Amino acid sequence: LSQLPGWSVRPDGSIVIATGNDDALGLYRCTPYNSYGTAGESRPTRVLLKDPPAFTVRPKEEYFQEVGRELVIPCAAHGDPPPTITWLKVGSVGKSSAQVDGNSSLVLHPLIKEQHGVWECTAANQVATVTTATSVHVLGTSPHAVTNVSVLPLLLAANISWEPGFDGGYFQRFSVWYTPLVRYPPRAHHDWVSLSVPAGAQHLLVENLQPDTTYQFSVLAQNKLGSGPFSQIVTSVPRGFPVTTVPPEPPAMTVHVFLSPPRALTANETVRGVLLRWDPPARASVALSGYALELRQDKGGWEVLERSIPGTDTQLLVPGLIKDAFYEFRLVAFAGSYISDPSNTVNVSTAGMEVYPSRTQLPELLPQPVLAGVIGGICFLSVAVIFSTMAACIMNRRRAARVRKRRQDPPLVFSP
1 LSQLPGWSVR
11 PDGSIVIATG
21 NDDALGLYRC
31 TPYNSYGTAG
41 ESRPTRVLLK
51 DPPAFTVRPK
61 EEYFQEVGRE
71 LVIPCAAHGD
81 PPPTITWLKV
91 GSVGKSSAQV
101 DGNSSLVLHP
111 LIKEQHGVWE
121 CTAANQVATV
131 TTATSVHVLG
141 TSPHAVTNVS
151 VLPLLLAANI
161 SWEPGFDGGY
171 FQRFSVWYTP
181 LVRYPPRAHH
191 DWVSLSVPAG
201 AQHLLVENLQ
211 PDTTYQFSVL
221 AQNKLGSGPF
231 SQIVTSVPRG
241 FPVTTVPPEP
251 PAMTVHVFLS
261 PPRALTANET
271 VRGVLLRWDP
281 PARASVALSG
291 YALELRQDKG
301 GWEVLERSIP
311 GTDTQLLVPG
321 LIKDAFYEFR
331 LVAFAGSYIS
341 DPSNTVNVST
351 AGMEVYPSRT
361 QLPELLPQPV
371 LAGVIGGICF
381 LSVAVIFSTM
391 AACIMNRRRA
401 ARVRKRRQDP
411 PLVFSP
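Positions 1 to 416 (the working numbering) are the ones given, in order, by the sequence shown.
In structure tokens, the structure reads:
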């Protein structure tokens, strides 16, 4: 072994080969012995040299593609034995909907919003496992949820900050939503308050808060295609003025609120759209304030369709669905400032259905100033038509009166 650089024998009899090369190939036998001799050789073992996986084609660092189109990301590797190549989306739960073609390339067709993120290509054989990553950006979608929402409690205020999610390829704006958690609400229905965030900002100072009151905060992102999902709700208590003469109050008692989700949600197709029916929550320890309807299309992300359904309603007509699409609907209940878990999910396929414009889509298609202008123009044209009709009627009456008068007057006779 002294003639082979990098070879050595450990005290337990193992051979250490620092660098594997052709000199290491072959059969090996081990012979133990002591002062009394040896019991013989061990069975032979063969040393083979194998190559770990190495990438021959790596994906680019980033890919940008429109939603609904096809995206093919190449990845190839070699080794001995030939490695197995797999693709996985980082952070995904369960099996992804991605496909791999015969060249080990990742095929995303059609590309959907949920496939946005980091994808890893892994090549593995008996020797080693290597991984490379790429980022997929899906354009033409509503914004993704913001992350890392934090609240800094201040004197009668709170500073909320966050990290924006992907904007879907369009300019996005943010709004901060908050509501107090009080034991006895001042009214049966307690709404969330929303504050617009200046363009480009990733934080907002919320002022005029009540001291020693627990608040819930959430951030919503929006772009020209609609709203993304709400962020994770963060709870915080703003600081009050320091009090030195009065002893501190005992800790507030925990309020246990029971609010079960809406029950027995069903969907029926009608000539005007899809009619949803449900039963109120079975248990609610506070007065029921209302419902919010969520939907997602073709296994996409959940989005809020209607957030102000009265608590007394048990049905809702949803018009304006896209033909030949697959929808899923679910409800959540509000009781004061508390939100229930989602109800059961109902599936609706609009294949062959007649659809009508939805009232819920009108504010997104026409901004309020434009809508007001259109309505004002229609009213003006209506008034103009009415006045024109009245003027024509008056002129016709006057003309008929002149004709009758001429007929009644005696003819003039001229004598020679």
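Quick reminder that beta carbons are idealized off the backbone N, C-alpha and C, glycines included.
From a predicted model like this one, the values you see are computed outputs, not experimental measurements.
Compute the beta-carbon to beta-carbon distance between T179 and V197, rounded to the nearest angstrom, for a pair I have assumed lies under 8 Å. The count along the sequence shown starts at 1 and reaches residue 179 at position 179. The count along the sequence shown starts at 1 and reaches residue 197 at position 197. Going by Cβ atoms, the distance from T179 to V197 rounds to 17 Å, so no, they are not a contact pair.
So what does DSSP say about S396, is it helix, strand or coil? Numbered from 1 along the sequence shown, position 396 holds the residue referred to as residue 396. Residue identity check: residue 396 is Asn in the sequence provided, not Ser. The answer is helix: DSSP assigns N396 an H, G or I state.
For A76, list the residues DSSP reports as bridge partners. To locate residue 76, count along the sequence shown from 1; it is residue 76. A76 is bridged to V57.
Under 7 Å, do Y170 and N223 count as touching if we go by C-beta distance? Along the sequence shown, read from residue 1 onward, the residue named residue 170 stands at position 170. Along the sequence shown, read from residue 1 onward, the residue named residue 223 stands at position 223. Cβ atoms of Y170 and N223: closer than 7 Å.
Please list the terminal residues of the continuous beta strand (DSSP E) segment that includes G26. Working through the sequence shown from its first residue, we reach residue 26 at position 26. Where G26 is concerned, the enclosing beta strand (DSSP E) stretches over 26 to 28.
Proximity below 7 Å, CB of L331 to CB of L265: Locating residue 331 in the sequence shown gives position 331, where the first residue counts as 1. Locating residue 265 in the sequence shown gives position 265, where the first residue counts as 1. It is a contact, given that the beta carbons lie within the stated cut-off.
Using a Cβ-Cβ cutoff of less than 8 Å, which residues in the same chain neighbour I233 once the five nearest sequence positions on both sides are dropped? Within the sequence shown, the letter at position 233 stands for residue 233. Taken in chain order, the residues that qualify are Q216, F217, S218.
I'd like the span of the beta strand (DSSP E) that includes I15, first residue to last. The residue labelled residue 15 in the question sits at position 15 within the sequence shown. Element bounds for I15: 15 to 17.
Check whether the Cβ atoms of V318 and V346 sit closer than 7 Å, and answer yes or no. Locating residue 318 in the sequence shown gives position 318, counting from the first residue. Locating residue 346 in the sequence shown gives position 346, counting from the first residue. No, the Cβ-Cβ distance between V318 and V346 is not below 7 Å.
Are the CB atoms of K50 and V127 nearer to each other than 7 Å? Residue 50 sits at position 50 when you count from the first residue of the sequence shown. Residue 127 sits at position 127 when you count from the first residue of the sequence shown. The answer is yes: Cβ separation under 7 Å.
Would the beta-carbon of L108 fall within 7 Å of that of L71? On the sequence shown, residue 108 is found 108 positions in, with the first residue counted as 1. On the sequence shown, residue 71 is found 71 positions in, with the first residue counted as 1. Cβ atoms of L108 and L71: closer than 7 Å.
Residue(s) in a DSSP beta bridge with D279: Along the sequence shown, one-based indexing puts residue 279 at 279. D279 is bridged to R263.
K405 (DSSP reduced to helix, strand or coil): Here residue 405 corresponds to residue number 405 of the sequence shown, with the count starting at 1. It is helical.
Return the chain-ordered list of same chain residues with a C-beta closer than 8 Å to the C-beta of N159, the five sequence neighbours on each side being excluded. By one-based count along the sequence shown, residue 159 stands at place 159. Same-chain partners within the cutoff: V151, L152, H203, L204, L205, V206.
Distance check for S2 and T19, CA to CA, integer angstroms please. Position 19 of the sequence shown, counting from 1, holds the residue named residue 19. Position 2 of the sequence shown, counting from 1, holds the residue named residue 2. So the alpha carbons of these two residues sit roughly 15 Å apart.
Quick check: what's the CA-CA separation for W278 versus P310? The residue you call residue 278 lines up with position 278 of the sequence shown. The residue you call residue 310 lines up with position 310 of the sequence shown. The straight-line gap from Cα to Cα measures roughly 13 Å.
Below 8 Å, can you find three or more Cβ-Cβ pairs linking the segment 22 to 41 to the segment 68 to 82? no
Please state whether the Cβ-Cβ distance between S343 and P262 is less than 7 Å. Translated into positions along the sequence shown, residue 343 becomes position 343. Translated into positions along the sequence shown, residue 262 becomes position 262. Contact flag set, yes.
Candidates W119, F326, R173: which alpha carbon is nearest A145's? For the purposes of this step, residue 145 is taken as residue 145 along the sequence shown, with counting starting at 1. The candidate whose alpha carbon is nearest that of A145 is R173.
What residue range does the beta strand (DSSP E) around G117 cover? Within the sequence shown, residue 117 is the residue found at index 117, counting from 1. From DSSP, the beta strand (DSSP E) with G117 extends over 117 to 124.
For E328 and L295, believed in contact at Cβ under 8 Å, the rounded distance: For the purposes of this step, residue 295 is taken as residue 295 along the sequence shown, with counting starting at 1. For the purposes of this step, residue 328 is taken as residue 328 along the sequence shown, with counting starting at 1. Right, their Cβ atoms sit about 6 Å apart.
Can you tell me whether T147 is buried or exposed? The criterion is at least 16 other CB atoms within 10 Å of its CB, across all chains shown. Taking the sequence shown and counting its residues from 1, the one referred to as residue 147 is at position 147. Exposed is the call here.
K113 burial status per 10 Å Cβ neighbour count (16 or more: buried): Taking the first residue of the sequence shown as 1, we reach residue 113 at position 113. It is buried - the Cβ of K113 has at least 16 other Cβ atoms within 10 Å.
Between V100 and the rest of its own chain, which residues show a CB-CB distance below 8 Å, the 5 nearest in sequence each way excluded? As a working note, residue 100 is residue 100 in the sequence shown. Same-chain partners within the cutoff: I85, T86, W87, L106, V107.
If we ignore side chains and look at the alpha-carbon of each, how far apart do C379 and G320 end up? Taking the first residue of the sequence shown as position 1, residue 379 is located at position 379. Taking the first residue of the sequence shown as position 1, residue 320 is located at position 320. Distance between the alpha carbons of C379 and G320 is about 26 Å.
Three-state secondary structure assigned by DSSP to A333: Reading the sequence shown from its first residue, position 333 is the one you call residue 333. Three-state result, A333: strand.
For T314 and S308, I'd like the C-alpha separation in whole angstroms. In the sequence shown, counting from the first residue as 1, residue 314 sits at position 314. In the sequence shown, counting from the first residue as 1, residue 308 sits at position 308. C-alpha separation (whole angstroms): 13 Å.
At which residues does the beta strand (DSSP E) containing N148 begin and terminate? As a first step, residue 148 is located in the sequence shown; it is residue number 148 there, counting from the start. Unbroken beta strand (DSSP E) run through N148: 147 to 154.
Comparing C-alpha positions only, which one of T31, L25, A282, D22 sits nearest to G13? The residue labelled residue 13 in the question sits at position 13 within the sequence shown. Of the candidates T31, L25, A282, D22, the one whose C-alpha sits nearest the C-alpha of G13 is T31.
Whose CA, out of G376, P229, L316, H78, lies closest to the CA of A267? If you number the sequence shown from 1, residue 267 lands on position 267. Out of G376, P229, L316, H78, L316 has the C-alpha closest to the C-alpha of A267.
Thinking C-alpha only, which one of L195, L111, R272, T213 is nearest E66? Numbered from its first residue, the sequence shown carries residue 66 at position 66. Looking at the Cα atoms, L111 is the closest of the given residues.
Relative to the C-alpha of S175, which residue among G300, N125, F230, T132 is closest? Translated into the one-based positions of the sequence shown, residue 175 becomes position 175. It is F230 whose Cα lies nearest to the Cα of S175.
Here's the rule: buried if 16 or more other CB atoms are within 10 angstroms of the residue's CB, otherwise exposed. What is S349? By one-based count along the sequence shown, residue 349 stands at place 349. Under this definition S349 is an exposed residue.
Integer Cβ distance of G165 from A221, believed to fall under 8 Å: Locating residue 165 in the sequence shown gives position 165, counting from the first residue. Locating residue 221 in the sequence shown gives position 221, counting from the first residue. About 6 Å; that satisfies the 8 Å criterion.
Once you ignore the five residues that flank A76 on each side, which residues in its own chain have a CB closer than 6 Å to its CB? Indexing the sequence shown from 1 puts residue 76 at position 76. T56, V57, S104, listed in sequence order.
So is L48 buried or exposed if we call it buried at 16+ other beta carbons inside 10 Å? The residue you call residue 48 lines up with position 48 of the sequence shown. It is exposed - the Cβ of L48 has fewer than 16 other Cβ atoms within 10 Å.
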